[in-house]
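Here is the structure we will look at, set down as structure tokens.
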Ligand SMILES: [Zn+2]
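In the working numbering, the protein residues as written are 302 to 474.
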């Protein structure tokens, strides 16, 4: 984890309620700090909370790169009540953002990606077995729980899942 984020990091959040936008904005900085090992300049993250993304495209979110591998565009399924799910989905997509920013994951074409130097053909793996999905799925809860703990959000009514033992064992972000 890096101590400070680069000052030129730009995050924008659109859509959803003001309350949720503020949480997503705060969580994006928090997640990135935990995900990056060193300062990287010129990172741009654009996040859009999209109404009915789940219904229309059958996804809770996605992350792609824009003009450079450090321009990240994230879409998240908007929810008026289930902020926990939005923040978990954000954590998942932020792991993918980290993979792009650190060039761990490079999309070569529609069928193939390069993962840490190795070519991976998508259809050779089940969705859950893609190495970038193992990374994202494996880290989403840890990022989210630490955000909740760090921000003191444990008692918010939208927090449905928070491991009490984290407090008992005084686990710090
Ligand atoms: Zn994923």
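We put the beta carbon where it would ideally sit given N, CA and C, even for glycine. These figures come from a predicted structure and were not determined experimentally.
Please tell me whether, using a cut-off of 6 Å, the distance from the CB of residue i to the nearest non-hydrogen atom of ligand 1 is below it.
| i | result |
| --- | --- |
| residue 392 | no |
| residue 434 | yes |
| residue 480 | The structure shown does not extend to residue 480, since the chain is modelled only from 302 to 474, so the question has no answer here. |
| residue 262 | What is shown of the chain runs 302 to 474, which leaves residue 262 out entirely. |
| residue 328 | no |
On a CA-only basis, which of the options is nearest residue i? Give me that one, please.
| i | options | result |
| --- | --- | --- |
| residue 439 | 397, 373, 346 | 397 |
| residue 454 | 343, 414, 384 | 384 |
| residue 362 | 325, 387, 470 | 387 |
| residue 321 | 371, 381, 413, 370 | 381 |
| residue 452 | 327, 315, 378, 319 | 327 |
| residue 369 | 445, 412, 360, 403 | 403 |
| residue 479 | 329, 342, 367, 377 | Only positions 302 to 474 of the chain appear in this structure, which leaves residue 479 out of reach. |
| residue 468 | 329, 462, 450 | 450 |
Within 10 Å of its beta-carbon, does residue i have 16 or more other beta-carbons around it, so buried, or fewer, so exposed?
| i | result |
| --- | --- |
| residue 313 | exposed |
Do residue j and residue i have their beta-carbon atoms positioned less than 7 Å apart in this structure?
| i | j | result |
| --- | --- | --- |
| residue 406 | residue 433 | yes |
| residue 311 | residue 345 | yes |
| residue 474 | residue 442 | no |
| residue 358 | residue 375 | no |
| residue 379 | residue 316 | yes |
| residue 371 | residue 343 | yes |
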